[in-house]
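**Student:**
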Amino acid sequence: MKTHAIIPIFIPHNGCPNDCVFCNQRRITSRMASPTESEVRQTIDEWLTTLGEVPNVSVAFYGGSFTAIPIEDQKRYLRIASEYKDAGKISEIHLSTRPDCIDNEILGVLEHYQVDLIELGCQSFDDGVLAAVKRGHGVDAIYKACELIKSGGFRLGIQLMVGLPGSSFEIDVKSALLAGELRPEVARIYPTIVIEDTELLDMVIAEDYVPLTIPEAVLRSKEMLKILRGYGVNVIRIGLKASDLITGDGYLTGTTFHPAFRQLVEGSIARDEIEKQLVQQLRLAPTEDTIAQCTAAPKSFSNLIGHKGENRSYFVEKYPNIRFVFKEDKTLEEGKYVLIRTQS
Ligand code: SF4
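Per this note's numbering, the very first residue in the sequence shown carries number 232; after that it's consecutive.
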C-alpha cells in the first residue's frame, strides 16, 4: 500500500521580475491564473477522496517561487493547508521557491503556518551557469538560503538542472557533489528542456545553445544520482513529466524530454552494475553452456530489464556466447543488481 502521497498545487509566479532563460512563466503569464482559495480547497478535497487511506499526505505548493509571491497571497494559501493539517487530514506542507527569496522574516511566516519542507530551485552550484541562465543570483545565495532553512528547523530539498547553458559534465557533477554536502533530505534532478516561449528556444534557434541529447542527459543524471544517493539524499524525481510542463499549448520543442527519463537513468545504473559483475566473472572464461542469471528485487526489475527491454537486448547482442536469464529475487534490496553465473 502507498504510504505517502503529495497533493500538488501549482501557484504561478505572475509578475515574476526574473527572466530565467529556460522559463516560460513570464511570457505566458497572461494565460495563467492563480488558483482561488475555493479551487485550492476543492483540489485538496478531490485528492483526499482519491487517496483514501494513504497515511501520510502532503500538500505542496509548486511553481518555483512561492515565497516570491505577495506575502498576503502566501498567507492565504498557507492558511488553507494549515487548516487541513490541524484537522489531521494532511500530515505535511511543502513548497518550492528560489534561494534568493528566503530570509528570516519569510521563514517566520512559513513556521507560523507549519511548513515542513522547503525545496530550493538551485539549478546549479556554478556562478557562471547561474549567470548564463540569468537566474538573478549567485551560489552565495544558495548557501545562505540552505543555512537559514536548516537552522530554522525546516527540512531542505534541492532541485538541480542538467545541461544548462554554460554547464558541462564536470560542472553538473560538481553541482551534485556540492548539493550532497549540504545534506538535503530530498533532491530532484531535471534535465534542461527547451520549451515554447522561452529565451532558451531563441538561443537554440540562434545556435547559441545546443540541448543535450537523451543519452548525454542520462549519463550526467546518472552520475549526479549516484553522488546524491552516496550522501543519503532521497532523489524523489529525475526528469519532468509531460504534465509538469507549462507550455501553454502543451507541446515541446526540445529534444531532451523523455517521458520515462527516470527509468532510462535507473536502467543505465542497473546495466553498469550487471556488466561490472559480468566482466569480473568472465575472467573465468565462459563455456558454451554459461548462463548469466541477472537478478533484482521486484520493484527494481523493470530497471534491470531497462526501458523497453533495452538492457536485455544490450547484453544478448554484446555477449552472444552467454545465455542471459532475468529474474526477480525478493531477498534483494531495492536498487541492488546481482549476477549469478551458472552452467546449464
Ligand atoms: S524560473 Fe525564473 S523566470 Fe521563471 S518564475 Fe521562476 S524565477 Fe521567474
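Glycine included, every Cβ here is placed at the ideal spot set by N, Cα and C.
Which residue's Cα is closest to the Cα of residue 457: 563, 435, 573, 410?
**Tutor:** Checking every option, the nearest Cα to that of residue 457 belongs to 410.
**Student:** Distance, Cα to Cα, residue 445 vs residue 561?
**Tutor:** The alpha-carbon atoms of residue 445 and residue 561 are separated by roughly 32 Å.
**Student:** Quick one: Cα of residue 310 to Cα of residue 340, how far?
**Tutor:** Looking at the two C-alpha atoms, the distance is approximately 10 Å.
**Student:** Which value, in whole angstroms, describes the spacing of the CA atoms of residue 330 and residue 244?
**Tutor:** If I take the Cα positions, the gap works out to 15 Å.
**Student:** Taking 8 Å as the cut-off, is the C-beta of residue 451 nearer than that to any heavy atom in ligand 1?
**Tutor:** Result no, Cβ not under 8 Å from ligand 1.
**Student:** Can you list, in chain order, the residues of its chain with a C-beta nearer than 6 Å to that of residue 321? Leave out the 5 residues immediately preceding and following it.
**Tutor:** Closer than 6 Å at Cβ, skipping near neighbours: 288, 290, 315.
**Student:** Identify, in the order they occur along the chain, each residue of the same chain with its Cβ nearer than 8 Å to the Cβ of residue 357, setting aside the five sequence neighbours on each side.
**Tutor:** Within the same chain, residue 357 has close Cβ partners 370, 397, 398, 402, 405, 406.
**Student:** For the beta strand (DSSP E) that residue 555 lies in, which residues bound it at each end?
**Tutor:** From DSSP, the beta strand (DSSP E) with residue 555 extends over 554 to 559.
**Student:** Tell me whether residue 482 is buried or exposed, calling it buried when 16 or more other Cβ atoms sit within 10 Å of its Cβ.
**Tutor:** Here the model assigns residue 482 a pLDDT of 49, short of 50, so the residue's position is not dependable and the matter cannot be decided.
**Student:** Would you decide whether residue 453 is buried or exposed? Buried here means 16 or more other CB atoms lie within 10 Å of its CB.
**Tutor:** Residue 453 comes out buried.
**Student:** Taking DSSP as the reference, what is the three-state secondary structure of residue 255?
**Tutor:** Reduced to three states, the DSSP call for residue 255 is coil.
**Student:** Near residue 248, what residues of its chain come up, given a Cβ to Cβ distance below 7 Å and the 5 sequence neighbours on each side ignored?
**Tutor:** There are no such residues.
**Student:** According to DSSP, is residue 442 part of a helix, a strand, or is it coil?
**Tutor:** Note: residue 442 maps to coil in three-state DSSP.
**Student:** At which residues does the beta strand (DSSP E) containing residue 377 begin and terminate?
**Tutor:** Segment 370 to 382 is the alpha helix (DSSP H) holding residue 377; no beta strand (DSSP E) there.
**Student:** Could you tell me which residues DSSP puts in a beta bridge with residue 241?
**Tutor:** 293, per the DSSP bridge assignment.
**Student:** For residue 559, count neighbouring Cβ atoms within 10 angstroms of its own Cβ and tell me buried if that reaches 16, exposed if not.
**Tutor:** Exposed, because fewer than 16 other Cβ atoms sit within 10 Å of the Cβ of residue 559.
**Student:** Can you tell me where the beta strand (DSSP E) holding residue 562 begins and where it ends?
**Tutor:** Neither: residue 562 is in no beta strand (DSSP E) and is coded neither H nor E.
**Student:** Can you give the beta carbon distance from residue 505 to residue 568, rounded, assuming they're within the 8 Å contact cut?
**Tutor:** Going by Cβ atoms, the distance from residue 505 to residue 568 rounds to 5 Å, so yes, they are a contact pair.
**Student:** Quick one: give me the first and last residue of the alpha helix (DSSP H) that residue 501 is part of.
**Tutor:** It spans 492 to 512 - the alpha helix (DSSP H) in which residue 501 sits, taken as one unbroken run.
**Student:** Leaving aside the five residues before and after residue 328 along the sequence, list all residues of the same chain whose C-beta is less than 8 Å from its C-beta, in chain order.
**Tutor:** Closer than 8 Å at Cβ, skipping near neighbours: 295, 296, 297, 298, 299, 349, 350, 351, 352.
**Student:** Measuring only the C-alpha atoms, how far is residue 334 from residue 388?
**Tutor:** Going by the C-alpha atoms only, they are around 16 Å apart.
**Student:** Out of 272, 426, 554, which one is the CA nearest neighbour of residue 254?
**Tutor:** The option with the nearest alpha carbon to residue 254 is 426.
**Student:** Keeping to the same chain, check which residues put their C-beta closer than 8 Å to that of residue 429; ignore five residues upstream and five downstream.
**Tutor:** Answer for residue 429: 252, 253, 254, 255, 258, listed in chain order.
**Student:** Cβ of residue 397 versus every heavy atom of ligand 1: is any distance shorter than 8 Å?
**Tutor:** Because no heavy atom of ligand 1 lies under 8 Å away, the Cβ of residue 397 does not count as near it: no.
**Student:** Check for me: the alpha helix (DSSP H) holding residue 352 runs from which residue to which?
**Tutor:** Segment 348 to 354 is the beta strand (DSSP E) holding residue 352; no alpha helix (DSSP H) there.
**Student:** Would you say the beta carbon of residue 287 comes nearer than 8 Å to a heavy atom of ligand 1?
**Tutor:** No, ligand 1 has no heavy atom inside 8 Å of this Cβ.
**Student:** Can you give me the C-alpha to C-alpha distance between residue 275 and residue 307, rounded to a whole angstrom?
**Tutor:** Each residue's Cα considered, the two are about 15 Å apart.
**Student:** DSSP state of residue 583, grouped into three classes?
**Tutor:** The question about residue 583 has no answer, for the chain in this structure spans 232 to 575.
**Student:** So the candidates are 241, 414, 572, 472; which of them puts its Cα closest to the Cα of residue 422?
**Tutor:** For residue 422, the nearest C-alpha among the options comes from 472.
**Student:** Determine whether the beta carbon atoms of residue 502 and residue 537 lie at a separation below 9 Å.
**Tutor:** Result yes, Cβ atoms of residue 502 and residue 537 sit closer than 9 Å.
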